[in-house]
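Quick note, the sequence shown lines up with residues 1 to 499 if you use full-length UniProt numbering. Glycine included, every Cβ here is placed at the ideal spot set by N, Cα and C. From a predicted model like this one, the values you see are computed outputs, not experimental measurements.
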Amino acid sequence: SNLKRPRDNQEPQATEKKRQKTSAAPQLPPLSPDETKKLLREHKIKVKWLNAGKKELEYPTPLRTFGELRDHGIARKLVSNVEDQGFSQPSDVQMVALPLLLKHPTRNLLTVAPTGSGKTLAFMLPLIHQLSHSQLTPTTKAVVLAPTKELVGQIVNESQRWAAGTSVRISQVRKGMKLPGEEGATVKSHILISTPGILWSMLEQNDNITLSTVEHLVLDEGDILLDRLFRDQTVAIWNRLPSSIQVSLWSATMGSNIEELVQTKLDQPVMRLVVGIKGSAVANVEHRLIYAATERGKLMGLRQLLHPLGQTNSLPPLPYLVFTQTIERAAALHSELRYDIPPEAGGSRRLAVLHAELSSTAREDVMKRFRAAEIWVLITTDILARGMDFRGVNAVVNYDIPTSGAAYVHRVGRTGRAGRSGVAITLCAKEDLDVLKPLVQIAGKEEWLKALPKPDKRTKEKLKKHGLEGRNKRISTKSGYERKVENKKKGYLSKKRKD
1 SNLKRPRDNQ EPQATEKKRQ KTSAAPQLPP LSPDETKKLL REHKIKVKWL
51 NAGKKELEYP TPLRTFGELR DHGIARKLVS NVEDQGFSQP SDVQMVALPL
101 LLKHPTRNLL TVAPTGSGKT LAFMLPLIHQ LSHSQLTPTT KAVVLAPTKE
151 LVGQIVNESQ RWAAGTSVRI SQVRKGMKLP GEEGATVKSH ILISTPGILW
201 SMLEQNDNIT LSTVEHLVLD EGDILLDRLF RDQTVAIWNR LPSSIQVSLW
251 SATMGSNIEE LVQTKLDQPV MRLVVGIKGS AVANVEHRLI YAATERGKLM
301 GLRQLLHPLG QTNSLPPLPY LVFTQTIERA AALHSELRYD IPPEAGGSRR
351 LAVLHAELSS TAREDVMKRF RAAEIWVLIT TDILARGMDF RGVNAVVNYD
401 IPTSGAAYVH RVGRTGRAGR SGVAITLCAK EDLDVLKPLV QIAGKEEWLK
451 ALPKPDKRTK EKLKKHGLEG RNKRISTKSG YERKVENKKK GYLSKKRKD
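1) For residue 238, report the span of its beta strand (DSSP E) as first-last.
2) Can you look up residue 254 in the DSSP assignment and give me helix, strand or coil?
3) Report back the beta-carbon spacing between residue 194 and residue 173 to the nearest angstrom; my notes put them in contact at under 8 Å.
4) Taking residue 199 as the reference, give the member of 214, 145, 157 with the closest Cα.
5) In this structure, does DSSP put residue 353 in helix, strand or coil?
6) With residue 170 and residue 163 assumed to form a contact (beta carbons below 8 Å), what rounded beta-carbon distance in angstroms separates them?
7) Which two residues bound the contiguous beta strand (DSSP E) that contains residue 220?
8) So residue 63 packs on residue 98, CB below 8 Å; how close in whole Å?
9) Unbroken alpha helix (DSSP H) runs of length 4 or more, entirely within the region 372-450: which are they?
10) Suppose contacts are defined by Cβ-Cβ distances below 8 Å. Is residue 300 in contact with residue 154 by that definition?
11) Does the beta-carbon of residue 184 have 16 or more other beta-carbons within 10 angstroms, so that it is buried, or is it exposed?
12) With a CB to CB cut of under 6 Å and the five nearest residues on each side skipped, what residues in its chain are close to residue 443?
13) Three Cβ pairs or more, each shorter than 8 Å: is that satisfied between the region 412-421 and the region 324-342?
14) Kindly provide the ranges of any beta strand (DSSP E) runs that are 3 or more residues long and lie completely inside the region 89-174, ordered along the chain.
15) Based on DSSP bridge pairs, tell me the residues matched to residue 247.
16) What are the partner residues of residue 323, as DSSP defines its beta bridges?
17) To which residues of the same chain is residue 21 closer than 6 Å at the C-beta, ignoring the five residues directly before and after it?
18) Please check the pair residue 428 and residue 292, which I expect to be a contact at CB under 8 Å, by giving their CB distance rounded to whole angstroms.
19) Is the separation between the beta-carbon of residue 354 and that of residue 327 shorter than 8 Å?
20) With a Cβ-Cβ cutoff of 8 Å, do residue 85 and residue 118 count as a contact?
21) Does DSSP classify residue 68 as helix, strand or coil?
22) Which one or two residues does DSSP pair with residue 270 in a beta bridge?
23) Leaving out five residues on either side along the sequence, give the residues of the same chain with a beta carbon under 7 Å from the beta carbon of residue 298.
24) Does DSSP put residue 203 in a helix, a strand or coil?
25) Give every residue of the same chain whose Cβ lies closer than 6 Å to the Cβ of residue 334, excluding the five residues on either side of it in the sequence, and list them in chain order.
26) Hey, how far is the Cα of residue 372 from the Cα of residue 38?
27) Below 8 Å CB to CB, which residues in the same chain sit around residue 363 once its five sequence neighbours on both sides are set aside?
28) Going by DSSP, what residue range makes up the beta strand (DSSP E) through residue 288?
29) Across which residues does DSSP place residue 501 in a beta bridge pair?
30) Which residue comes first and which comes last in the alpha helix (DSSP H) that contains residue 78?
31) Please classify residue 407 as buried or exposed, where buried requires at least 16 neighbouring CB atoms within 10 angstroms.
32) Quick one: residues in its chain with C-beta nearer than 6 Å to the C-beta of residue 91, no 5 flanking neighbours on either side, listed in chain order?
33) So the candidates are 367, 235, 438, 423; which of them puts its Cα closest to the Cα of residue 402?
34) Leaving out five residues on either side along the sequence, give the residues of the same chain with a beta carbon under 7 Å from the beta carbon of residue 303.
35) Considering only the beta carbon of each residue, do residue 121 and residue 87 sit closer than 8 Å?
36) Between which residues of its own chain and residue 24 is the CB-CB distance below 7 Å, once the five residues before and five after are set aside?
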C-alpha cells in the first residue's frame, strides 16, 4: 500500500561491502585555520565562548566523513556501528560537536541545532568512546536527562546500538530499580538515561544513592528541562552531582535566560555552538496555514486533510502526527475521528491517541505500532513534540496552535527529519489571530500575515502557562440538538436497563 511508510525500526542497509567502501574512501587533505573558518561560515555554524573573558577561541577542525573518527582514536568497531545504523555523512552539528567533544571531553557545551539534525549521536558517541577507553569499573560515569519517557527510550535504544560490542553499559532508569548506593543495587551501568521526574523521586526517597562517580551530565532538550515545568527537578539532580562535572545542553531552541542560568551554575567556561539561525524551523519543511474560523471549522478542515475531495497531489500521504493543546482535547478528537478511516483500510486501529495519562505499557504499545506503520494518524499533545525521531512522518498538523514560537519549531520538527521533506499544517480559528504572529515569523508566510498584532509579554506568558481559553470548547461536528437527542436516547436506554 502506498499509505505505508518505511519502518523506523527496520534494520539499516549497511553491509560489509558498504563498510569496505567507506573505509577505502580517499583521505581528505587537512584544513588550514582559514579553510576551517570558511567551511564553518558556509554551513552557518557559529562557535563562541559565553563566560570565558578574553579566552582565545579555538575553532574545531570539522569532521567531513565518519571515517575521520579514526583520527580521533575511535575504535573501528564504534565507527562500524555508526555506519551500520545508516549514517553516511556527518550533519552540520555532528561536523563540529563530535571533534570538539572528542578532543575536549571536559568542555562544557551549549548546542543549538535544528530538529532532526542528529544531536543524539553528537553527544552520545563521545561519551561511549571515552568510557570504552577508560579503566572501567561498574560505576555510573554519565547521566543523560530528557523530558519524556518516549524520548528517553529512543536515546537508550539508539545508544545501545552504537555501543554494541564495547564494554560500555547503558540503562534506562525505571521505577523500582535499585541504583548505586542502595542495598541490593541492580543497576551497574556507565550511563544512566532518565526523565528528571523519575530520577529525582528516587534520589529524594533514598539519601544512600550515590552519584559521586558521575563525570558528565547531558541535558537533551535542555531549554525545556530548565524551564518552569522541569527546572526544580533538573537543578536538584544537578546539585547532587560533583561540582567538577562536565555539562552539555542540546536543543533546537535556547533562550538567553537558559544561557544565563547555565553560566551561574558553572564555574568553568561554557562554549556555545549554534547551527543555522537560532530558533528557526528546519529548512525542508513546507509551512501551511489554514484559516478555519471556528472549532467546528477546524474539525471539518482536519477531516478534509484525511479525506481530500477528488484527486489532489497537494496533500502529503499519511502518516500524520496531530497536535492538540490538552490531554482532554486529544482524547476528544480521537473519539470524534475514531471511525473516519474505512474498515477496508484498517478502520479504527489506524488511528490512535498518546498522552501522559496513559499507562507506560499503553504508551509503549502505541509508539511501537506507530513506528511499525500500523497507525496512520497519531493524535497527541506536546509530549511527542520534543526530540522524537519519526522518520516516516509526512506531515504534522497543529489542530491547536502551539503556545510559543519554540513550541512550533519543535512540533513541526517531527517531520522533515534527516534531509527528508515534510509539511506542517496549522489550523487557525478566529481566537488564534491575536497570538499567531510568532508562528508566522518562523514559518515565513505571506507578507500580509506579518500585519497581525504582536502579542504583548503578559499575553505570551499567559498563553505559555494556560494555553488559549477558547480551547475548552467541545470538539464535535454535531449540533446541540443532535447531542440532546443522543443524550435522551442514552438516558432512556440506561433507565430501561435498570428497570
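So, from the data block:
1) In the sequence shown, counting from the first residue as 1, residue 238 sits at position 238. That residue, residue 238, is in no beta strand (DSSP E); its alpha helix (DSSP H) goes 231-239.
2) Counting from one through the sequence shown, the residue named residue 254 turns up at place 254. The answer is coil: DSSP assigns residue 254 none of H, G, I, E or B.
3) Your numbering for residue 194 matches position 194 in the sequence shown. Your numbering for residue 173 matches position 173 in the sequence shown. Contact flag correct, Cβ pair sits at about 4 Å.
4) As a working note, residue 199 is residue 199 in the sequence shown. Closest by alpha carbon: 145.
5) Working through the sequence shown from its first residue, we reach residue 353 at position 353. Here residue 353 sits in strand by DSSP.
6) For this step, residue 170 is matched to residue 170 along the sequence shown. For this step, residue 163 is matched to residue 163 along the sequence shown. Residue 170 to residue 163, Cβ: 6 Å. Contact.
7) If you number the sequence shown from 1, residue 220 lands on position 220. 216-220 is the extent of the beta strand (DSSP E) around residue 220.
8) Locating residue 63 in the sequence shown gives position 63, where the first residue counts as 1. Locating residue 98 in the sequence shown gives position 98, where the first residue counts as 1. Sure, about 5 Å apart at Cβ, within 8 Å.
9) 405-412, 437-443
10) Stepping through the sequence shown from its first residue, residue 300 is reached at position 300. Stepping through the sequence shown from its first residue, residue 154 is reached at position 154. Result no, Cβ atoms of residue 300 and residue 154 do not sit closer than 8 Å.
11) By 1-based counting over the sequence shown, the position of residue 184 is 184. Answer is exposed; the Cβ neighbour count stays below 16.
12) Start at 1 with the first residue of the sequence shown, and residue 443 comes out as number 443. Hits under 6 Å: 287.
13) no
14) 108-112, 142-145, 170-172
15) Here residue 247 corresponds to residue number 247 of the sequence shown, with the count starting at 1. Partner(s): 217.
16) Working through the sequence shown from its first residue, we reach residue 323 at position 323. Answer is 380, 398, bridged to residue 323.
17) Mapped onto the sequence shown, residue 21 falls at position 21. Low per-residue confidence applies at residue 21: pLDDT is 42, beneath 50, and the placement is therefore not dependable enough to give any value.
18) Counting from 1 along the sequence shown, the entry for residue 428 is found at position 428. Counting from 1 along the sequence shown, the entry for residue 292 is found at position 292. The pair is a contact, with the Cβ atoms about 6 Å apart (cut-off 8 Å).
19) Within the sequence shown, numbered from 1, the residue matching residue 354 stands at position 354. Within the sequence shown, numbered from 1, the residue matching residue 327 stands at position 327. No, the Cβ-Cβ distance between residue 354 and residue 327 is not below 8 Å.
20) The residue you call residue 85 lines up with position 85 of the sequence shown. The residue you call residue 118 lines up with position 118 of the sequence shown. Not closer than 8 Å, so no.
21) For the purposes of this step, residue 68 is taken as the residue at position 68 of the sequence shown. Residue state, collapsed to three classes: helix.
22) Taking the first residue of the sequence shown as 1, we reach residue 270 at position 270. According to DSSP, residue 270 bridges with 108.
23) As a working mapping, residue 298 is identified with position 298 in the sequence shown. Contacts found: 292, 399, 427, 429.
24) Looking up residue 203 in the sequence shown gives position 203. Of the three classes helix, strand and coil, the one that applies to residue 203 here is helix, per DSSP.
25) The residue given as residue 334 occupies position 334 in the sequence shown. For residue 334, where only same-chain residues beyond five positions count, the Cβ hits under 6 Å are 353, 379.
26) Your numbering for residue 372 matches position 372 in the sequence shown. Your numbering for residue 38 matches position 38 in the sequence shown. Distance between the alpha carbons of residue 372 and residue 38 is about 42 Å.
27) The count along the sequence shown starts at 1 and reaches residue 363 at position 363. Within the same chain, residue 363 has close Cβ partners 149, 150, 354.
28) Sequence index remark: in the sequence shown, residue 288 carries index 288 (1-based). Per DSSP, residue 288 belongs to the beta strand (DSSP E) from 285-293.
29) Not covered by the structure: residue 501. The range shown for the chain is 1 to 499.
30) Taking the first residue of the sequence shown as position 1, residue 78 is located at position 78. From DSSP, the alpha helix (DSSP H) with residue 78 extends over 76-84.
31) On the sequence shown, residue 407 is found 407 positions in, with the first residue counted as 1. By the 10 Å Cβ count, residue 407 comes out buried.
32) As a first step, residue 91 must be located in the sequence shown, where it is residue number 91. Hits under 6 Å: 117, 118.
33) As a working note, residue 402 is residue 402 in the sequence shown. Closest option to residue 402, Cα to Cα, is 438.
34) Your numbering for residue 303 matches position 303 in the sequence shown. These residues qualify, in order along the chain: 340.
35) Looking up residue 121 in the sequence shown gives position 121. Looking up residue 87 in the sequence shown gives position 87. Yes, the Cβ-Cβ distance between residue 121 and residue 87 is below 8 Å.
36) Taking the first residue of the sequence shown as position 1, residue 24 is located at position 24. Because the pLDDT of residue 24 is 47, which lies under 50, any placement of that residue in the model is unreliable, and the number read from its coordinates should be weighed accordingly. Counting only Cβ-Cβ distances below 7 Å, and skipping sequence neighbours, we find nothing.
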